[in-house]
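Throughout the sequence shown, residue numbering follows my numbering, covering 201 to 296 in sequence.
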Amino acid sequence: MEIRIIREEENVLEFELPSEDHTFCNLLVNLLNKDPHVKFAAYRIEHPLIGIPKILVRTDGVKKPREVLIEASKEIESIYATIKEKFSATLDEREK
Numbered sequence: 201m202e203i204r205i206i207r208e209e210e211n212v213l214e215f216e217l218p219s220e221d222h223t224f225c226n227l228l229v230n231l232l233n234k235d236p237h238v239k240f241a242a243y244r245i246e247h248p249l250i251g252i253p254k255i256l257v258r259t260d261g262v263k264k265p266r267e268v269l270i271e272a273s274k275e276i277e278s279i280y281a282t283i284k285e286k287f288s289a290t291l292d293e294r295e296k
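In structure tokens, the structure reads:
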């Protein structure tokens, strides 16, 4: 996954995810907003067909934006691993 940093300050990180769309960005922003140290997290895609998602994360200073982004990314990996495991188990049961 490509990440392009637009702006990085002490408590602010703005970046683009050129290869992603609403599906991933919505999940990421929702997880970021669950972190109590995140004051603001949102994304926008300026054009629905050719727009590149831009994500803005602002923290309270206790955690840095990169830190909460890494934590949210690990949570996404965990969610997908659980989905894959359950999906595979269901397919295995149907093959019997």
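Note that CB positions come from ideal geometry on N, CA and C, so glycine has one too.
At a Cβ-Cβ threshold of 8 Å, D235 and V268 count as neighbours.
Across the set N211, F215, E214 and T223, the C-alpha of T223 shows the shortest separation from the C-alpha of Y280.
Residue burial is scored here from C-beta neighbours: F215 has at least 16 other C-beta atoms within 10 angstroms and is therefore classed as buried. Residue burial annotation: T259 is buried, with at least 16 other C-beta atoms found within 10 angstroms of its C-beta. In the displayed model, E209 falls within coil according to three-state DSSP, outside both helix and strand.
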